[in-house]
Structures are given as structure tokens and as C-alpha cells.
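Asker:
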Amino acid sequence: MAKKFPLHPKHPERICWGCDRYCPTDSLACGNGSGRTMHPAELLGEDWYTVGDWGFDDEEEAQPQDSNATHLPAS
Numbered sequence: 001m002a003k004k005f006p007l008h009p010k011h012p013e014r015i016c017w018g019c020d021r022y023c024p025t026d027s028l029a030c031g032n033g034s035g036r037t038m039h040p041a042e043l044l045g046e047d048w049y050t051v052g053d054w055g056f057d058d059e060e061e062a063q064p065q066d067s068n069a070t071h072l073p074a075s
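Numbered by UniProt numbering, the letters in the sequence shown go through residues 1 to 75 in order.
Below, the structure written as C-alpha cells:
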């Protein structure tokens, strides 16, 4: 099974997004060429998944995650 594709990676410039291996940019293993494949957020902006049909099943996954948010249980 393929790895889950991240919608908002923290450092997309550090990874090649050309296949399911997600190799570091300094050690490409899939042989897809001499350069890395950019993440759609780098090319189209942070809202890249809202335009077109990317095949994501869950709209909740498409919501950006706030890394500074505190998650409290509901009372």
C-alpha cells in the first residue's frame, strides 16, 4: 500500500515527491531523473488541494494542522 500523501509537510523542499519512497533530496533512489519532484504546495500554494480532483477521500484531511494548537478533550 502506498504511503499517505501529506497535504502540508513542514519542509517539502527536503524531500523528492516523485514516488512513494519520499527520498531526501541528496540521495534520490528511484532514478526519476537528476532532480527532485516538487510537492504541489511548492508549485501551487498552500491551498493546492482545493482546486481539481486529487482523489482525497476525507475532506477533514485537507484542513491545515496548527502545530501550536492545544488539543483539549471535550467536556
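In this text, a Cβ means the ideal position worked out from N, Cα and C, and glycines have one as well.
The model shown is predicted, which means the values in this text are computed figures rather than measured ones.
(1) Round the Cβ separation of T50 and R36 to the nearest angstrom and send it over; I've been treating them as touching at under 8 Å.
(2) When you compare only the Cα positions, how much space is there between A41 and G18?
(3) Is the Cβ-Cβ distance between Y22 and K3 less than 8 Å?
(4) Using the three-state DSSP reduction, which class does P6 fall into: helix, strand or coil?
(5) Out of curiosity, what's the CA-to-CA distance linking W54 and P6?
Answerer: Walking through what the data contain:
(1) Position 50 of the sequence shown holds residue 50. Position 36 of the sequence shown holds residue 36. Not quite, the Cβ-Cβ distance comes to about 24 Å (not below 8 Å), so this is no contact.
(2) The residue you call residue 41 lines up with position 41 of the sequence shown. The residue you call residue 18 lines up with position 18 of the sequence shown. If you take the alpha carbons of A41 and G18, they lie about 14 Å apart.
(3) Here residue 22 refers to the residue found at position 22 of the sequence shown. Here residue 3 refers to the residue found at position 3 of the sequence shown. In contact: Y22 and K3 (Cβ atoms closer than 8 Å).
(4) As a first step, residue 6 must be located in the sequence shown, where it is residue number 6. Looking at P6 - three-state DSSP - the assignment turns out to be coil, as it is neither helix nor strand.
(5) On the sequence shown, position 54 is the one that residue 54 refers to. On the sequence shown, position 6 is the one that residue 6 refers to. Rounded to the nearest angstrom, the two C-alpha atoms are 12 Å apart.
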